[in-house]
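First up is the structure itself, then whatever we jot down about it.
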Amino acid sequence: MSGAAVIAAAREALRRNRRAPLTWGLPLGGLAALIVAIYPSMADNLTTLAREYPEALREAFNVGDLSTPEEFLNAEMFSLIVPLAVGYFMIRSIVSALPAAEEAGELDVVLATPVERRELVAGAFLASLLTSAAVLLVVLALTLLASLIVDAGLGAGAALAGAAEVWPLGVFFGGVAALIAGLTGRAALVTALSGGILVAMYVFDLAGKMADDFSFLRHFSAFRLYGQAMVDGIDPPAFIGLALAGLLLAAVGAVAFERRDVAV
Amino acid sequence: MAEPVVVTERLTKRYGRNRGIEGISLRILRGEVFGLLGPNGAGKTTLIRTLLNLLHPTGGSARIFGLDSRRDSRAIRARIGNLPGDFVADRRMTGRELLRYLAALRGMDGLGRAEELAARLRADLDRPIGALSRGNRQKIGIIQALFHAPELLLLDEPTSGLDPLMQEEFLRLVREERAAGRTVLLSSHELDEVQRVCDRVGLIRSGRLVTVEPVEGLLDNAPRRVSVRVDGRIEEAELAALPGVSDLRVNGEAATFRVSGELDPVVKALAARRVVDLEVARPTLEEVFVAYYEAPEGTA
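If you're matching them up, the sequences are chains A and B in order. Read left to right, the first sequence gives residues 47 to 310 (this note's numbering). Read left to right, the second sequence gives residues 298 to 597 (this note's numbering).
Below is the structure:
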């Protein structure tokens, strides 16, 4: 595998994604900033409100007693919206660089150069990892800025851990998309299947948390390894495990891409 | 004799029940411009995409520069320029950005011949490809196929969308490539451009290679159309009995017919009278092409 070819492919995929930190980061970061901004005015009532939630629901959505801005931000943004959005962003990013480009016929020119398909997949994957990290950095920056402005007291380390924990989850779903792209090369199919797996895994994890009878479903969900790092800190084995699983799926996808015809 | 650059042996590509190409055996020599002629859907694009390893053959083999088209595809592609039949690139990208990307994938330091080619084709490298007309987009496609001076050019319907002036310039470029010792495989259904620039032509029909001949040979061997007027009456039976004569129409002292093969027996038979007018028309490549396509499969 040529490092120069991977970097060239990654640079091209980054060019395609150059607006993503703003188009994805600003809305997500804006929402997170709003949550942090309203925290001081709600803080006194939140603990009482949280205690009224059913226990299963509190566990499912990582709702503690909401006594800190970290708990509030985690429950409102990082237990559902941000991980699903970043997971879907990774899927979209892979689809754009690989199966959508393939179906459009753009890869006929690219693959006539001495680049291997696995290098193209590696470049697209690398670019997606970097772009999703940039999206999360924008979210983090806006959140901390809002905290500073309203003096919400959000800990920078906790916020960083919360944002960082989303990243390997995105890597995993990017890997799922790369695998299906490698097998099929069909953009709509990759988006539908990968997006379906993302939502299904979230629902499995949620159902498993809410009802003991369904707890076995969590074994089929990547969200099982996604905790609440903003409150508890990062779990390194889960972080590394999710990221490695995503890389492995992408590698299998690259091999599958090399073994099939390029779509017309 | 020039060495072969492309050699295929019974190369076959099937898609499920559909036939792509079937048993194509072909040799393209270094320094020649080889035309691949056939209507849309005949298998021209499938053959080129199989040579590029975009499609994996279901049978037979292909060797390019003496290398296996599958196993050594990377080394082969380093020496190839490709213009797909439907050239597409990211619409937001400029031509220059595309060339920089492809140059990086090829390990080039600069943009090679890109500026020179852009000047000749009057191509705008700095506008987004999506904002270009079809013809101007095709110019970017031609530049990206040629800018790294490849040894083998695979050009699928290269003049599609180009205006006549640019078509002329493109054909000049192809002749220059040949003069520089490079090899060109040019797929087209434009008979005129094939006739003007190709050394040999392969006719492809329903995925099979029907014939491969020098352009001139293809024309020489095809039936010529003869119109003759003599002083006196033409005996239809006499002309019909001559070897190679077909489509005979006699009208008193005038006749029109086709002659395949040698003209000598016809000339000698007509010389028995005083010939008032005689016209022998060579067929156009288009007529040859139509003749091959009108023939039942397996007979052409």
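C-beta atoms are modelled at their ideal positions from N, C-alpha and C, and glycine is treated no differently. Here the structure is a predicted model, which is why all the values come from computation and not from measurement.
Please confirm whether residue i has its beta-carbon closer than 8 Å to some beta-carbon of chain B.
| i | result |
| --- | --- |
| residue 82/A | no |
| residue 122/A | no |
| residue 62/A | yes |
| residue 50/A | yes |
| residue 90/A | no |
| residue 161/A | yes |
| residue 278/A | no |
| residue 197/A | no |
| residue 151/A | yes |
Assuming residue i and residue j form a contact by the criterion Cβ under 8 Å, report the distance between their Cβ atoms to the nearest whole angstrom.
| i | j | result |
| --- | --- | --- |
| residue 349/B | residue 376/B | Between residue 376/B and residue 349/B the Cβ distance is about 12 Å, and since that is not below 8 Å, they are no contact. |
| residue 164/A | residue 300/A | 4 Å |
| residue 271/A | residue 284/A | 4 Å |
| residue 193/A | residue 82/A | 5 Å |
| residue 116/A | residue 201/A | 6 Å |
| residue 339/B | residue 557/B | The pair is not a contact, with the Cβ atoms about 24 Å apart (cut-off 8 Å). |
| residue 62/A | residue 387/B | 7 Å |
| residue 521/B | residue 580/B | 7 Å |
| residue 357/B | residue 324/B | Not really, about 14 Å apart at Cβ, beyond 8 Å. |
| residue 241/A | residue 295/A | Incorrect: roughly 15 Å between the Cβ atoms, too far for contact. |
Could you please give the first and the last residue of the uninterrupted beta strand (DSSP E) stretch that includes residue i?
| i | result |
| --- | --- |
| residue 501/B | 497-502 |
| residue 331/B | 330-334 |
| residue 301/B | 301-312 |
| residue 480/B | 480-485 |
| residue 359/B | 356-361 |
| residue 148/A | First-last for residue 148/A: 145-150, but that is the alpha helix (DSSP H), not the beta strand (DSSP E). |
| residue 113/A | Unbroken run through residue 113/A: none, as it is neither H nor E. |
| residue 316/B | 315-326 |
| residue 378/B | 377-380 |
| residue 157/A | That residue, residue 157/A, is in no beta strand (DSSP E); it is neither H nor E in DSSP. |
| residue 387/B | Taken as a continuous stretch (DSSP letters only), residue 387/B belongs to no beta strand (DSSP E), as it is neither H nor E. |
With distances taken between CB atoms, is the gap from residue i to residue j smaller than 8 Å?
| i | j | result |
| --- | --- | --- |
| residue 66/A | residue 145/A | no |
| residue 248/A | residue 269/A | yes |
| residue 527/B | residue 567/B | yes |
| residue 553/B | residue 524/B | yes |
| residue 399/B | residue 441/B | yes |
| residue 208/A | residue 91/A | no |
| residue 169/A | residue 54/A | yes |
| residue 299/B | residue 326/B | yes |
| residue 509/B | residue 495/B | no |
| residue 456/B | residue 467/B | yes |
| residue 507/B | residue 500/B | yes |
| residue 73/A | residue 196/A | no |
| residue 345/B | residue 395/B | no |
| residue 446/B | residue 409/B | yes |
| residue 60/A | residue 177/A | yes |
| residue 435/B | residue 459/B | yes |
| residue 250/A | residue 263/A | yes |
| residue 485/B | residue 380/B | no |
| residue 212/A | residue 132/A | yes |
Taking the alpha helix (DSSP H) that residue i belongs to, which residues open and close that run?
| i | result |
| --- | --- |
| residue 433/B | 431-443 |
| residue 460/B | Careful: residue 460/B lies outside any alpha helix (DSSP H) and carries neither H nor E. |
| residue 81/A | 71-98 |
| residue 370/B | 370-374 |
| residue 489/B | 488-494 |
| residue 172/A | 163-196 |
| residue 395/B | 392-402 |
| residue 349/B | No alpha helix (DSSP H) holds residue 349/B; DSSP gives it neither H nor E. |
| residue 200/A | Taken as a continuous stretch (DSSP letters only), residue 200/A belongs to no alpha helix (DSSP H), as it is neither H nor E. |
| residue 418/B | 411-418 |
For residue i, would you say it is in contact with chain A, using Cβ-to-Cβ distances shorter than 8 Å as the test?
| i | result |
| --- | --- |
| residue 337/B | no |
| residue 597/B | Since pLDDT at residue 597/B reaches only 44, below the 50 mark, its modelled position is unreliable, and the value read off the structure follows with that caveat. No, because no Cβ of chain A sits closer than 8 Å to the Cβ of residue 597/B. |
| residue 499/B | no |
| residue 368/B | no |
| residue 385/B | yes |
| residue 379/B | yes |
| residue 435/B | no |
Residue ranges of each alpha helix (DSSP H) within the segment 213-277 of chain A, 4 or longer: 233-256
Which ranges would you report for the beta strand (DSSP E) in the segment 498-576 of chain B if only whole runs of at least 3 residues count? 505-511, 521-528, 542-548, 551-556
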